[in-house]
Amino acid sequence: MFNRRTLLGAIGAVAMLGTSVPAMAQDTYIALISKGFQHQFWQAVKAGADKAAAELGVTVTFEGPDTEAQVDRQIDMLAAALAKKPAAIGFAALDSQAATPLLQQAKDAGIPIVAFDSGVDSDIPVTTASTDNVAAAALAADKMAELIGGEGKIALVVHDQTSRTGIDRRDGFVNRIAEKYPNIEVVSVQYGAGDQLQSTEITKSILQANPDLKGIFGANEGSAIGVVNGARELNRQLVIIGYDSGTQQKAAIMDGSMAGAITQNPVGIGYETVAAAVKAAKGEAVEKNIDTGFFWYDKSNIDDPEIAAVLYD
Numbered sequence: 000m001f002n003r004r005t006l007l008g009a010i011g012a013v014a015m016l017g018t019s020v021p022a023m024a025q026d027t028y029i030a031l032i033s034k035g036f037q038h039q040f041w042q043a044v045k046a047g048a049d050k051a052a053a054e055l056g057v058t059v060t061f062e063g064p065d066t067e068a069q070v071d072r073q074i075d076m077l078a079a080a081l082a083k084k085p086a087a088i089g090f091a092a093l094d095s096q097a098a099t100p101l102l103q104q105a106k107d108a109g110i111p112i113v114a115f116d117s118g119v120d121s122d123i124p125v126t127t128a129s130t131d132n133v134a135a136a137a138l139a140a141d142k143m144a145e146l147i148g149g150e151g152k153i154a155l156v157v158h159d160q161t162s163r164t165g166i167d168r169r170d171g172f173v174n175r176i177a178e179k180y181p182n183i184e185v186v187s188v189q190y191g192a193g194d195q196l197q198s199t200e201i202t203k204s205i206l207q208a209n210p211d212l213k214g215i216f217g218a219n220e221g222s223a224i225g226v227v228n229g230a231r232e233l234n235r236q237l238v239i240i241g242y243d244s245g246t247q248q249k250a251a252i253m254d255g256s257m258a259g260a261i262t263q264n265p266v267g268i269g270y271e272t273v274a275a276a277v278k279a280a281k282g283e284a285v286e287k288n289i290d291t292g293f294f295w296y297d298k299s300n301i302d303d304p305e306i307a308a309v310l311y312d
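Numbering that gives the first Met the number 0 numbers the first residue of the sequence shown as 0 and each following residue consecutively.
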């Protein structure tokens, strides 16, 4: 469940971002198709979307596949949403290219698409509301380098290599290491579909193959928890850096098994997606990219008001 204090704080912060959209008729329908629904991150995105829908007087549905590996299931959901002829569609792509034909259908039908969290390899979306994942992952790389003393072997466990978030977080991290830290070697990049159990087994395999490994970056909530669990099962001490928050990651940071993580602003992502969809449905211009922000957090600042407002559990 959400922590009421932090969730309300996040919603309050989003409300002050300056988005000003006139209310529409209550029968205006906006469909949101997310990458999943199993992680607390997506529950927080939904909370922001619901907040915006209530303020702006529109009806919003929010759904996603059971796991972030179910690209075909997500495409089916997008097709079903398109058939309902909504005023606009918000879409967080699991595969940045697979949905292009359906997105073209939406464009041809005059239904604006707002990409959120994960963009698509297309100019069809009128905007993308997301974290600057390249910059956020680069910050994670800087923190990793600092914590391992600027040298040694590290690895990544990433949720996928098809979504924009998976690609950008991987590349943002790996490229920063290559550019700035010549004495750090990335020995493995593996993909666990954002699934905790799969990511745990991947982590154990990486650790067994690399007994001198100093650190692992887990590129989303499920990946990061899998890394923590894998290291714990093998009783290995190393620097673990995560992405997103949620109860388990926050607990891991507080007990020292995770050094820190990047948090997005998931409530803000949901809120801004609906706000942009309403504008687009009214034929109003929207910014091409809506940067919803990110922060580094660890045990030292997890309770700071600015950080607490964008954490979720």
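C-beta: ideal position from N, C-alpha, C; glycine also.
DSSP three-state call for residue i: helix, strand or coil?
| i | result |
| --- | --- |
| residue 310 | coil |
| residue 201 | helix |
| residue 97 | coil |
| residue 219 | coil |
| residue 269 | helix |
| residue 232 | helix |
| residue 303 | coil |
| residue 47 | helix |
| residue 145 | helix |
| residue 237 | coil |
| residue 36 | coil |
Please state if the CB of residue j and the CB of residue i are separated by a distance shorter than 9 Å.
| i | j | result |
| --- | --- | --- |
| residue 241 | residue 45 | no |
| residue 221 | residue 37 | yes |
| residue 280 | residue 86 | yes |
| residue 214 | residue 147 | yes |
| residue 131 | residue 34 | no |
| residue 180 | residue 225 | no |
| residue 161 | residue 287 | no |
| residue 154 | residue 188 | yes |
| residue 289 | residue 276 | no |
Using only CA atoms, which one of the options lies nearest to residue i?
| i | options | result |
| --- | --- | --- |
| residue 89 | 59, 42, 108, 257 | 59 |
| residue 308 | 273, 263, 275, 289 | 263 |
| residue 291 | 129, 275, 189, 249 | 129 |
| residue 202 | 62, 133, 229 | 229 |
| residue 182 | 113, 289, 151, 50 | 151 |
| residue 97 | 111, 83, 78 | 78 |
| residue 50 | 80, 249, 265, 160 | 265 |
| residue 366 | 276, 40, 297, 110 | As shown, the chain starts at 0 and ends at 312. That puts residue 366 outside it, with no answer to give. |
| residue 197 | 175, 311, 227 | 227 |
| residue 211 | 219, 185, 171, 173 | 185 |
| residue 80 | 71, 55, 30 | 30 |
Report buried or exposed for residue i, applying the criterion of at least 16 other Cβ atoms within 10 angstroms of its Cβ.
| i | result |
| --- | --- |
| residue 48 | buried |
| residue 303 | exposed |
| residue 299 | exposed |
| residue 42 | buried |
| residue 178 | exposed |
| residue 26 | exposed |
| residue 243 | buried |
| residue 284 | exposed |
- prompt: Is it a yes or a no for the region 206-213 touching the region 107-122, going by three-plus beta-carbon pairs under 8 Å?
  reply: They do not touch, by the three-pair rule.
- request: State whether the region 65-81 contacts the region 185-205, with contact taken as three or more CB pairs (one from each stretch) at a distance under 8 Å.
  value: Counting Cβ pairs under 8 Å, three or more are found: they touch.
task: Would you be able to state if there are at least three C-beta pairs under 8 Å between the region 142-152 and the region 82-97?
output: The region 82-97 makes no contact with the region 142-152; the number of CB pairs closer than 8 Å stays below 3.
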